[in-house]
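Just below is one structure, and these are the notes that go with it.
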Amino acid sequence: MTALQSGRYLNRLAAWAVLIVGLGLLGVCGPLAGKLAGHEDNSPTTFLPTGAPATRVLAFEEAHPVLGGAPAVVVFASRGGPLAAGLAVVAARFEESVHAARLPQASEPSPPQISRNGRVAFVVVPLAADISSGTLSHDVSMLARMAEAAVRSSGLRGISDAVGGPAGSAADVSQAFAGVDGRLLGITVSIVVLLLLFTYRSPLLWLLPLLSVLVAAGWSEGAAYLLATNGFVVNGMTVGILTVVVFGAGTDYALLIMARVREEMVHCEDHRMAVGRALTRTAPTILASGGSVILALMCLLLARLRDVAALGPACAAGVACALVAQLAILPALLVICGRGVFWPRIPRPGAASGLANPRWARLAELVISRKAMLGVPVGVVLVISCLGVLAYRGGVNQQNGFRARVGAVIAQDLLSEGFPAGSSAPVTVLVRPQSRLGKAEAVVRSTPGVVAVSPPIRVDGSAVLDVSLAYSPSSPSAERSVALLQEHLTKAAGPQSLVGGETATDLDLHQAAVADTERILPAVLAVVLLVLGVLLRALVAPLVLTASVLATYGAALGVSTLVILHIFGFPGFDPTVPIFGFVFLVALGVDYTVFLASRAREETVRLGGTRAGMARSLEATGPVITAAGLVLAATFAALAVLPLVALTEVGFLVAFGVLLDTFLVRSILVPALAASLGESFWWPSRPGGGPSLE
Numbered sequence: 061m062t063a064l065q066s067g068r069y070l071n072r073l074a075a076w077a078v079l080i081v082g083l084g085l086l087g088v089c090g091p092l093a094g095k096l097a098g099h100e101d102n103s104p105t106t107f108l109p110t111g112a113p114a115t116r117v118l119a120f121e122e123a124h125p126v127l128g129g130a131p132a133v134v135v136f137a138s139r140g141g142p143l144a145a146g147l148a149v150v151a152a153r154f155e156e157s158v159h160a161a162r163l164p165q166a167s168e169p170s171p172p173q174i175s176r177n178g179r180v181a182f183v184v185v186p187l188a189a190d191i192s193s194g195t196l197s198h199d200v201s202m203l204a205r206m207a208e209a210a211v212r213s214s215g216l217r218g219i220s221d222a223v224g225g226p227a228g229s230a231a232d233v234s235q236a237f238a239g240v241d242g243r244l245l246g247i248t249v250s251i252v253v254l255l256l257l258f259t260y261r262s263p264l265l266w267l268l269p270l271l272s273v274l275v276a277a278g279w280s281e282g283a284a285y286l287l288a289t290n291g292f293v294v295n296g297m298t299v300g301i302l303t304v305v306v307f308g309a310g311t312d313y314a315l316l317i318m319a320r321v322r323e324e325m326v327h328c329e330d331h332r333m334a335v336g337r338a339l340t341r342t343a344p345t346i347l348a349s350g351g352s353v354i355l356a357l358m359c360l361l362l363a364r365l366r367d368v369a370a371l372g373p374a375c376a377a378g379v380a381c382a383l384v385a386q387l388a389i390l391p392a393l394l395v396i397c398g399r400g401v402f403w404p405r406i407p408r409p410g411a412a413s414g415l416a417n418p419r420w421a422r423l424a425e426l427v428i429s430r431k432a433m434l435g436v437p438v439g440v441v442l443v444i445s446c447l448g449v450l451a452y453r454g455g456v457n458q459q460n461g462f463r464a465r466v467g468a469v470i471a472q473d474l475l476s477e478g479f480p481a482g483s484s485a486p487v488t489v490l491v492r493p494q495s496r497l498g499k500a501e502a503v504v505r506s507t508p509g510v511v512a513v514s515p516p517i518r519v520d521g522s523a524v525l526d527v528s529l530a531y532s533p534s535s536p537s538a539e540r541s542v543a544l545l546q547e548h549l550t551k552a553a554g555p556q557s558l559v560g561g562e563t564a565t566d567l568d569l570h571q572a573a574v575a576d577t578e579r580i581l582p583a584v585l586a587v588v589l590l591v592l593g594v595l596l597r598a599l600v601a602p603l604v605l606t607a608s609v610l611a612t613y614g615a616a617l618g619v620s621t622l623v624i625l626h627i628f629g630f631p632g633f634d635p636t637v638p639i640f641g642f643v644f645l646v647a648l649g650v651d652y653t654v655f656l657a658s659r660a661r662e663e664t665v666r667l668g669g670t671r672a673g674m675a676r677s678l679e680a681t682g683p684v685i686t687a688a689g690l691v692l693a694a695t696f697a698a699l700a701v702l703p704l705v706a707l708t709e710v711g712f713l714v715a716f717g718v719l720l721d722t723f724l725v726r727s728i729l730v731p732a733l734a735a736s737l738g739e740s741f742w743w744p745s746r747p748g749g750g751p752s753l754e
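What follows is the structure, given as structure tokens:
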């Protein structure tokens, strides 16, 4: 890259060398990326910290296969009224199929249980607790086909079947991500291509940033594979978000470089010198911007949730790959292709007037001269939008976390027509030591919502109870019962006695997410303030810019709350959405802040005043920031292709926030604030002239 920055060494031979090295590295990472899907782990329990009660109960179950592993609950229900005899026949035929199939990971199925009203029957098929996601999904699919075959062979009409329970829920998540990587990549690439064509209106120019981003994407998936094989929990969500981050950030950096190259080409006879000068001027800004994003993303390592913690280094590696690709591969391609790649609007020496953007020049003049008239309404809009946060609520969990009805949800609904709602996913109570079983059983039976307690299974000095609740496993009532049960169990039987199962997992996930939010958000803000302070060599400007980013996040979350609850009709927010929304909006939003503020400081020095410098910066960077914002918003919106509520919420929150930041905050509010503060904006330094206070 150093060679490419120097006009003397900027030649096609060096460019070809850089390109060959980059493609060689892609050849190494490509095969690793192909293996990534096999290392994804979408089981909710693996996301939890190792010390969470549900995690410790699962570890005990995996160490003692006699406990039965992860149960798949196969439900049969009559839609036309009581049909006990017919359901018994169907369940018996299903059992015969399971015995004949000899699934290696399945244990002996339980005898069929028929509800008192004769409308529902279910069979429990235990699967190995340590089964892989792929094998689990395959076995659950096999059980679903066997259930359908048993219904068909019985000749009875009006019988529905579904597979649920913990195994069914885990399989639903695994199947939701099956084949999605390719669709998400295709949609993301299509969005980027369309926006680049619209931006450049050139049949060739769009190919250069796209190729460099594709190279970065290949590198980043290789890095994600290395993380997945070295103790980090990488799931379908990680890969999906990584894809949009690399394409969004990479395209942003490419747009900034290409815009500066076009500017320099009107001053240079040799296009190679223009590329070198553009890179020299933009590289510090891009490195500062990308560095701040990387540092902010690495704050996710503070998370207790293991999938959130893994997303930090994965996306940080993706941004680093995007940085390297745009600072090395893209300039190499520009050098090799030459000035003609800009056809039909080829920038030629002396044609500077052709690069001017009169609309942005007029907007810049208007914002600086009418700063209060334009800035105040934008501030009011942000404040009003923030009020939507008052309606914020959680509520998304394993059962309602899909945009469509999946097998486990259908099974839960069918089962509740004849059995207690909690029968599909019993609460697991681990009592240690076994001598405290009597006290533990008394606590369990006295807990509100408990309707059935299984005989204890004694193993390795401990005892295990299966407890059925009257409530759906994912309901708030079930979570309250489990929380109360854990509290009373700890008092009666000691801290080694724990509560596990699907409801306990949801509860532990929520508690860990709340703790992570309180830990990560201040760390990200501190990183952003520090980076802006060092870059701008000021105190006031970083505070103003960080406040604007916070206001953008609050407004985006407020509007997203109303849209998600009242338009999308989702039950609430996934507990990780505020973390992801904040990190990506603040971290990636800093890109635009750095682009605008660093150019403003440069122009303030050149023109001798903050107002003139900010006006020139807005005129020069406005088109780039707008195009970059559209690309980033569109790529995050592509997360809607994934069938999970959480990713749809993250996609909308970030996309809306980026558009809000691009068109209102960065284009109007920040320049208006800078113009109002004048030279004080850069305090204690004085880039516009006058004595320095540094």
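Take 61 as the starting number for the sequence shown in the working numbering and just add one per residue.
From the three backbone atoms N, C-alpha and C, an ideal C-beta is built for every residue, glycine too.
Tell me, to the nearest whole angstrom, how far the beta carbon of R579 is from that of L362; I am working on the premise that it is less than 8 Å.
To locate residue 579, count along the sequence shown from 1; it is residue 519. To locate residue 362, count along the sequence shown from 1; it is residue 302. So it is a contact: roughly 5 Å between Cβ atoms.
Runs of 4 residues minimum, wholly inside the stretch 111-169: which ones carry the alpha helix (DSSP H) assignment?
113-123, 144-161
What are the boundary residues of the alpha helix (DSSP H) that R463 is part of?
Looking up residue 463 in the sequence shown gives position 403. Run containing R463: none; DSSP gives neither H nor E here.
Quick check on T303: buried or exposed, where buried means 16 or more other Cβ atoms within 10 Å of its Cβ?
Taking the sequence shown and counting its residues from 1, one reaches residue 303 at position 243. Buried.
Determine whether the beta carbon atoms of V184 and S175 lie at a separation below 8 Å.
The residue you call residue 184 lines up with position 124 of the sequence shown. The residue you call residue 175 lines up with position 115 of the sequence shown. Inclusion of V184 and S175 in the CB contact set at 8 Å is not warranted, their separation being larger than that value.
What's the C-alpha gap between N177 and G478?
Looking up residue 177 in the sequence shown gives position 117. Looking up residue 478 in the sequence shown gives position 418. The straight-line gap from Cα to Cα measures roughly 6 Å.
I'd like the span of the alpha helix (DSSP H) that includes S175, first residue to last.
The residue given as residue 175 occupies position 115 in the sequence shown. Run containing S175: none; DSSP gives neither H nor E here.
From A132, M202, R366, pick the residue whose C-alpha is nearest to that of L46; which is it?
Residue 46 is absent from the model: the chain starts at 61 and stops at 754.
Out of A485, E155, D721, point me to the one whose CA is closest to A468's CA.
Sequence index remark: in the sequence shown, residue 468 carries index 408 (1-based). Closest by alpha carbon: A485.
Taking only three categories from DSSP, how would you classify D576?
Residue 576 sits at position 516 when you count from the first residue of the sequence shown. If DSSP states are grouped into helix, strand and coil, D576 belongs with the helices.
Among residues of its own chain, excluding the 5 on either side of D526, which ones have a beta-carbon nearer than 6 Å to its beta-carbon?
Numbered from its first residue, the sequence shown carries residue 526 at position 466. Same-chain partners within the cutoff: P486, S514.
Going by DSSP, what residue range makes up the alpha helix (DSSP H) through G82?
In the sequence shown, the residue the question calls residue 82 occupies position 22. Counting along the chain, the alpha helix (DSSP H) containing G82 begins and ends at 72-94.
Anyone know if the C-beta pair for L287 and P373 falls short of 8 Å?
On the sequence shown, position 227 is the one that residue 287 refers to. On the sequence shown, position 313 is the one that residue 373 refers to. Contact: yes.
Determine the direct distance from the alpha carbon of A424 to that of K431, and round the result to whole angstroms.
Taking the first residue of the sequence shown as 1, we reach residue 431 at position 371. Taking the first residue of the sequence shown as 1, we reach residue 424 at position 364. The straight-line gap separating the alpha-carbon atoms of K431 and A424 is approximately 10 Å.
Can we say the stretch 625-635 touches the stretch 449-468, given the rule of at least three CB pairs closer than 8 Å?
yes
How long is the line joining the alpha carbons of L590 and A734, rounded to whole angstroms?
As a working mapping, residue 590 is identified with position 530 in the sequence shown. As a working mapping, residue 734 is identified with position 674 in the sequence shown. Approximately 19 Å between the Cα atoms of the pair.
Evaluate contact between the stretch 260-271 and the stretch 386-405, counting only Cβ atoms and requiring at least three cross-stretch pairs below 8 Å.
yes
By Cβ distance below 6 Å, which residues in the same chain neighbour W76 in space, the five residues on each side in sequence not counted?
Numbered from 1 along the sequence shown, position 16 holds the residue referred to as residue 76. Correct list: empty, nothing qualifies.
Report the partner residues of I624 according to the DSSP bridge assignment.
As a working note, residue 624 is residue 564 in the sequence shown. None; I624 has no bridge partner.
Could you tell me if S506 is buried or exposed, where buried requires 16 or more neighbouring beta carbons within 10 angstroms of its beta carbon?
Against the sequence shown, residue 506 aligns to sequence position 446. That one is exposed.
Go ahead and label T289 buried or exposed: buried means 16 or more other beta carbons lie within 10 angstroms of its beta carbon, across all protein chains shown.
Taking the first residue of the sequence shown as 1, we reach residue 289 at position 229. Only exposed fits T289, as fewer than 16 other CB atoms lie within 10 angstroms of its CB.
In or out: F741 buried (at least 16 other Cβ within 10 Å) or exposed?
For the purposes of this step, residue 741 is taken as residue 681 along the sequence shown, with counting starting at 1. Label assigned to F741: buried.
Assuming L761 is part of the alpha helix (DSSP H), what are its boundary residues?
Not covered by the structure: residue 761. The range shown for the chain is 61 to 754.
Classify P450 as buried or exposed, calling it buried when 16 or more other Cβ atoms lie within 10 Å of its own Cβ.
By one-based count along the sequence shown, residue 450 stands at place 390. Strictly speaking, residue 450 in this sequence is Leu, with Pro absent from that position. It counts as exposed.
Identify every run of the alpha helix (DSSP H) within the stretch 345-409, keeping only runs that are complete inside it and at least 4 residues long; order them along the chain.
366-384, 390-397
So is M433 buried or exposed if we call it buried at 16+ other beta carbons inside 10 Å?
If you number the sequence shown from 1, residue 433 lands on position 373. Residue burial is scored here from C-beta neighbours: M433 has fewer than 16 other C-beta atoms within 10 angstroms and is therefore classed as exposed.
Could you tell me whether the stretch 657-669 touches the stretch 268-277, where touching means 3 or more Cβ pairs closer than 8 Å?
no
Under 8 Å by Cβ, that's how I've got I219 and F120 pegged, so tell me the actual separation to the nearest angstrom.
In the sequence shown, the residue the question calls residue 219 occupies position 159. In the sequence shown, the residue the question calls residue 120 occupies position 60. Contact doesn't hold; Cβ gap of about 37 Å is too wide.
From what residue to what residue does the beta strand (DSSP E) around A222 run?
Taking the first residue of the sequence shown as position 1, residue 222 is located at position 162. 219-224 is the extent of the beta strand (DSSP E) around A222.
How would you label W279, buried or exposed, when you count the other beta carbons within 10 angstroms and need 16 or more for buried?
Stepping through the sequence shown from its first residue, residue 279 is reached at position 219. Buried, since its Cβ has 16 or more Cβ neighbours within 10 Å.
So, under 8 Å CB-CB, R503 and L497 are touching, yes? Tell me the CB distance rounded to an integer number of Å.
Sequence index remark: in the sequence shown, residue 503 carries index 443 (1-based). Sequence index remark: in the sequence shown, residue 497 carries index 437 (1-based). According to the sequence shown, residue 503 is Val rather than Arg. Between L497 and V503 the Cβ distance is about 11 Å, and since that is not below 8 Å, they are no contact.
Per DSSP, what kind of secondary structure is L108 in: helix, strand or coil?
As a working note, residue 108 is residue 48 in the sequence shown. In the structure shown, L108 sits in coil (DSSP, three-state: anything other than H, G, I, E or B).
For the beta strand (DSSP E) that contains L525, what are its first and last residues?
In the sequence shown, residue 525 corresponds to position 465, counting from 1. L525 -> beta strand (DSSP E) spans 522-529.
What's the gap between the Cα of S608 and the Cα of F655?
In the sequence shown, the residue the question calls residue 608 occupies position 548. In the sequence shown, the residue the question calls residue 655 occupies position 595. Taking the straight line from one Cα to the other gives about 15 Å.
Find the nearest neighbour of I639 within the set A112, L603, P269, L585, judged by alpha-carbon distance.
Residue numbering aside, residue 639 sits at position 579 when the sequence shown is read from its first letter. Residue L585 is the option with its Cα nearest to I639.
Alpha helix (DSSP H) containing L316: first to last residue?
The sequence position of residue 316 within the sequence shown is 256, counting from 1. Start and end: 296-325.
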